[in-house]
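Working notes, structure below.
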Amino acid sequence: MNNDVMAIELKQITKSFGPVVANAGIDLSVRQGEILALLGENGSGKTTLMNMLSGIYKPDSGSIFINGKSVVINSPKAAIKLGIGMIHQHFKLVESLTAADNIIMGSKEKGLFLKKSRAEKIRSISRRFGLEIDPLKKVHDMSVSEKQTVEILKVLYRNANILILDEPTAVLTPQETRRLFDILRRMKQEGCAIIIITHKLNEVMEISDRVTILRKGQSVATVNTAETNIKELTELMVGRSVELSIYRPEPEYDESLLEVHHLTVADEEGFETIRDISFNLKKGEILGVAGVAGSGQKELCEAIAGLMPVKKGAILYNKENLIGKSPKEIINLGISMSFIPEDRLGMGLAASLSLVDNLLLKKYYQGKGPFVRKKEARALARRLVEQLDIATPSVDAPVRKLSGGNVQKVLLGREIESDPNVLITAYPVRGLDINSSYTIYDMLNEQKKKGVAILFIGEDLDVLLELCDRIMVLCHGRITGIVNAKEVSKEELGLLMTGAASDRPDLQEGGNN
Amino acid sequence: MIINFLFAAIKAGCPLLFGTTGEIMTEKSGNLNLGVEGMMFMGAFVSFYTAYKTDSLALALLAAFGTGVLAAMIYALLTVSLMANQNVTGLALSIFGAGYAKFFGESMISKAGGSPKLSESFIKSISEQPLPLLGDIPVLGKLLFSHNPLVYISIIIAVICTIYMSRTRAGLNMRAVGESAAAADAAGINVYAVKYIHICLGGGICALGGAYLSLINGGGIWNNSNVVNGQGWIAVALVIFAAWNPAKAIFGSLVFGAFSVLQFYVPRNIIELPNAFYVMLPFLITTLILIITSMKKTKKGVQPAGCGINYFREER
Numbered sequence: 001m002n003n004d005v006m007a008i009e010l011k012q013i014t015k016s017f018g019p020v021v022a023n024a025g026i027d028l029s030v031r032q033g034e035i036l037a038l039l040g041e042n043g044s045g046k047t048t049l050m051n052m053l054s055g056i057y058k059p060d061s062g063s064i065f066i067n068g069k070s071v072v073i074n075s076p077k078a079a080i081k082l083g084i085g086m087i088h089q090h091f092k093l094v095e096s097l098t099a100a101d102n103i104i105m106g107s108k109e110k111g112l113f114l115k116k117s118r119a120e121k122i123r124s125i126s127r128r129f130g131l132e133i134d135p136l137k138k139v140h141d142m143s144v145s146e147k148q149t150v151e152i153l154k155v156l157y158r159n160a161n162i163l164i165l166d167e168p169t170a171v172l173t174p175q176e177t178r179r180l181f182d183i184l185r186r187m188k189q190e191g192c193a194i195i196i197i198t199h200k201l202n203e204v205m206e207i208s209d210r211v212t213i214l215r216k217g218q219s220v221a222t223v224n225t226a227e228t229n230i231k232e233l234t235e236l237m238v239g240r241s242v243e244l245s246i247y248r249p250e251p252e253y254d255e256s257l258l259e260v261h262h263l264t265v266a267d268e269e270g271f272e273t274i275r276d277i278s279f280n281l282k283k284g285e286i287l288g289v290a291g292v293a294g295s296g297q298k299e300l301c302e303a304i305a306g307l308m309p310v311k312k313g314a315i316l317y318n319k320e321n322l323i324g325k326s327p328k329e330i331i332n333l334g335i336s337m338s339f340i341p342e343d344r345l346g347m348g349l350a351a352s353l354s355l356v357d358n359l360l361l362k363k364y365y366q367g368k369g370p371f372v373r374k375k376e377a378r379a380l381a382r383r384l385v386e387q388l389d390i391a392t393p394s395v396d397a398p399v400r401k402l403s404g405g406n407v408q409k410v411l412l413g414r415e416i417e418s419d420p421n422v423l424i425t426a427y428p429v430r431g432l433d434i435n436s437s438y439t440i441y442d443m444l445n446e447q448k449k450k451g452v453a454i455l456f457i458g459e460d461l462d463v464l465l466e467l468c469d470r471i472m473v474l475c476h477g478r479i480t481g482i483v484n485a486k487e488v489s490k491e492e493l494g495l496l497m498t499g500a501a502s503d504r505p506d507l508q509e510g511g512n513n
Numbered sequence: 514m515i516i517n518f519l520f521a522a523i524k525a526g527c528p529l530l531f532g533t534t535g536e537i538m539t540e541k542s543g544n545l546n547l548g549v550e551g552m553m554f555m556g557a558f559v560s561f562y563t564a565y566k567t568d569s570l571a572l573a574l575l576a577a578f579g580t581g582v583l584a585a586m587i588y589a590l591l592t593v594s595l596m597a598n599q600n601v602t603g604l605a606l607s608i609f610g611a612g613y614a615k616f617f618g619e620s621m622i623s624k625a626g627g628s629p630k631l632s633e634s635f636i637k638s639i640s641e642q643p644l645p646l647l648g649d650i651p652v653l654g655k656l657l658f659s660h661n662p663l664v665y666i667s668i669i670i671a672v673i674c675t676i677y678m679s680r681t682r683a684g685l686n687m688r689a690v691g692e693s694a695a696a697a698d699a700a701g702i703n704v705y706a707v708k709y710i711h712i713c714l715g716g717g718i719c720a721l722g723g724a725y726l727s728l729i730n731g732g733g734i735w736n737n738s739n740v741v742n743g744q745g746w747i748a749v750a751l752v753i754f755a756a757w758n759p760a761k762a763i764f765g766s767l768v769f770g771a772f773s774v775l776q777f778y779v780p781r782n783i784i785e786l787p788n789a790f791y792v793m794l795p796f797l798i799t800t801l802i803l804i805i806t807s808m809k810k811t812k813k814g815v816q817p818a819g820c821g822i823n824y825f826r827e828e829r
């Protein structure tokens, strides 16, 4: 391997979408056998830039060099030909096909018919890289990490020597992340050039050789990982110094507000998504919920909010059973729920309505007469915009025009405005950058001090550990442990998340009092 | 009696099988083309006109197929390249096709000075004849091997399509496009080419169903009546009944064929029902099937997930 030739070199890449300039003259380079971390806040243009390497977008101007040669990448097909493989944040897999078919589809091979031996071939490749996969398993039966393995195999099968990963660890447990990093290191030794996008700074420090930082569509710096630290990276990313620890006030109350007893929830097909779980939520505390995606978090939220029928068990709020009550009655009792789904849009806000109309959605029925009272709602909207520093052209602009962080502030702001006693919030900082995330944590802590009981469903374990008082871990719809956030380690949480800690009674009991 | 009934059912199901197989091809590549009725109308007229002028079955079928391909290409241009709404485009194609057949049919009639009639020799070439040897088998020979040539063609096409979809590389790529165009694109499949090819092929196959209706069912005469008469719509529903599998469509079209000829085989002295009831029957069954399949709770992995959704790579 010639280390002087750059595997990837981007020069002055510019791309705009309508009036929005996503990338403005970005330079970036990666050597063969090197791992480059691409760092930046939301909307700084990381994914856009990488999509131009994988052929999804075409740059407006600028040039791309692969292994020293100037190239034009017109389509994903052209990118594959150049040896570029990208693992997208939202996997590009066909759910109804098997792993093997997903891997071989689109590949250029001889022969009209599919070969029976294709599964065996995939198995041998996966063994060579130390990956575990059942080639005949359908993708929709797979866990998130299995799906990622299929994506990696797809790239390996096409003999890619340039690998791009867009937030690959966002959905993995710490153990799965470690395994992914082992694979990346092995590929690096084989001379692959790797670009990894991640928000998690400790991972950047662990895996990368160099870091390129983007801010507002421009590359602001490239540093050697060995010569930098998390604080410096954050400052480069945000553009000023920030305080990195989350403030955690001590809970002041000791009275249980919401009690869940032996709750079981089944979906339409009769599959039990929540199985016999019991816990309590105290006044003025933040109870975190950790778990691999799809462990029952969504169903738990919806069961409490009255959106999903309950099969067995009871949910007591101030000794009053919520089961059988309509969502509206539950809201009127002061229980408020906000859920941020993966796509962050279908989330309880009507995207094409304005901020004012969205605030009205939850309150309009309290007014008298057939007309809604816009004036009050508009005043409230203005107050929210000011308090939460929401960036919007006007309170009458459709919410879909707002950036992700601002939309999430609107959503949480509306829930808090209804003055709840119990606040259930799922993934409120999903995909948010550091600044916006801290605004949300502050909002939650303020509610906590007011005595609101908060159920916080999160995905970043570091945040859960710093923000919550107790953490409840879900695995396949069961509680595998409720632990004291101050006494537990990330590794222990990881074990609970995979259900591997069932032989550790000490972990399951801790902090349960 | 029973054998005659089943024999008639196979014949009546044949145009449906063409339409269903063609539509399965289209939907499996991710496009819902509601223009089956229209493409069948166009195939019906063009094949009749070609047969009337040339006396050649091969040319008549080729012309019908080609017309179906062209009609589907309009649909593909609008939905795949220009991203028009698939439902609306398909409906427009249905209306256009019916108008096309009636407009040119009328001018053919006025030129011929009366309803044009196909030649004796042509009618003979599409008549039912037992196949050599196979046709001599008792019962089965009559039931399976004494049909007109189009029946065999429809079944052969359905079988080839089944094998193509499940066993070939090109078939896998097409299924991938139909399930998730974005995933297929990222895997290096030319999504637009795959869609165009299968929409056009599907349209061609649908139009053959129209050829069957005008050449065989029409009795060799074109009188500008409603030749297709809703069969295209039944084919769209049959796709669901057949769970997007052409092999199952063979069975499905037989069932529907049976319902549409039932009126001639129910012993009148036992059950007395108005004729209109029997005419309505296939549509009633279609409605029932749609209701039942919609009630099923799990729809996983049956309908192609990308069916009805236009794909634009740079969409954010």
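From first to last, the protein sequence lines stand for chains A and B. Note that the working numbering has the first sequence beginning at 1, numbered continuously upward. Note that the working numbering has the second sequence beginning at 514, numbered continuously upward. All C-beta atoms, glycine included, are put in the ideal place defined by N, C-alpha and C.
One Cα belongs to glycine 18 of chain A, the other to aspartate 60 of chain A, and the distance between them is close to 12 Å. The criterion of a C-beta distance shorter than 7 Å is satisfied by valine 752 of chain B and threonine 533 of chain B.
Comparing alpha-carbon positions, the option among B:Val652, B:Leu656 and B:Gly627 lying closest to glutamate 641 of chain B turns out to be B:Leu656.
Counting only residues of its own chain and dropping the five nearest sequence neighbours on each side, methionine 596 of chain B has a CB closer than 6 Å to the CB of Asn823. When beta bridges are read from the DSSP output, glycine 40 of chain A appears opposite A:Leu214.
Within the same chain, Thr563 come within 7 Å of leucine 572 of chain B by CB-CB distance, once the 5 residues on both sides are set aside.
Here DSSP, grouped into helix, strand and coil, assigns lysine 541 of chain B to helix. Cβ-Cβ distances below 7 Å link leucine 767 of chain B to Ala522, Ile523 and Gly526 in the same chain, with the five nearest sequence neighbours on each side left out; the list follows chain order. Proximity to aspartate 442 of chain A across A:Leu423, A:Ser418 and A:Leu467 peaks at A:Leu467, based on C-alpha coordinates. Judged by their CB atoms, methionine 50 of chain A and isoleucine 194 of chain A are not nearer to each other than the 7 Å cut-off. Taking C-alpha positions only, valine 429 of chain A is separated from glutamine 408 of chain A by approximately 8 Å. One thing to note: glycine 821 of chain B has its Cβ no nearer than 7 Å to the Cβ of glycine 717 of chain B. Just so you know, the alpha carbons of serine 117 of chain A and methionine 105 of chain A end up roughly 15 Å apart. For the segment 111-126 of chain A, residues whose beta-carbon sits nearer than 8 Å to a beta-carbon of chain B comprise Gly111, Leu112, Phe113 and Leu114. Listed as beta-bridge partners of cysteine 475 of chain A by DSSP are A:Arg478. Rounded to whole angstroms, the separation of the alpha carbons of serine 659 of chain B and glutamate 540 of chain B is 33 Å. Among the CB atoms of chain B, none fall inside 7 Å of the CB of lysine 147 of chain A.
Residue contact check for valine 144 of chain A against chain B: no CB pair falls below 7 Å.
Along the segment 20-43 of chain A, there is no position whose C-beta sits under 8 Å from a C-beta of chain B. Under a criterion of Cβ atoms nearer than 7 Å, no residue of chain A is adjacent to glutamate 540 of chain B; the nearest Cβ is some 14 Å distant.
Under DSSP, lysine 69 of chain A takes part in a beta bridge, and its partners are A:Ile66.
In the structure shown, isoleucine 454 of chain A adopts extended strand secondary structure according to DSSP, grouped into three states. Under DSSP, glutamate 243 of chain A forms no beta bridge with any residue.
Taking the Cα positions, isoleucine 315 of chain A is about 14 Å away from isoleucine 424 of chain A. Between the beta-carbon of arginine 210 of chain A and that of valine 223 of chain A there is about 7 Å, and that keeps the pair under the 8 Å contact cut.
The continuous alpha helix (DSSP H) containing glycine 579 of chain B extends over residues 570-589. If you look at isoleucine 763 of chain B, you'll find it in the alpha helix (DSSP H) that goes 759-774. Burial check for phenylalanine 271 of chain A: the Cβ neighbour count within 10 Å stays below 16, so the residue is exposed. Residue range 256-266 is occupied by the beta strand (DSSP E) that includes leucine 258 of chain A. From the listed residues A:Leu461, A:Lys401 and A:Glu386, the smallest Cα separation to valine 20 of chain A is found for A:Lys401. In this structure, B:Ile702 is the residue among B:Leu590, B:Pro643, B:Ile702 and B:Phe558 with its C-alpha nearest to the C-alpha of lysine 108 of chain A. A distance below 7 Å between beta-carbons, with the five flanking residues on each side excluded, links valine 707 of chain B to the following residues of its chain, in chain order: Ser542, Asn686, Met687 and Val690.
Here leucine 474 of chain A is actually not in contact with valine 265 of chain A; their C-beta atoms are around 12 Å apart, not less than 8 Å.
Look at isoleucine 277 of chain A: its C-beta is not under 7 Å from any C-beta on chain B. Spatial neighbours of isoleucine 457 of chain A in its own chain (CB-CB distance under 6 Å, excluding positions within 5 residues in sequence) are listed in chain order as Val289, Gln297 and Ala426. For alanine 193 of chain A, the uninterrupted beta strand (DSSP E) run begins and ends at 193-197, by DSSP.
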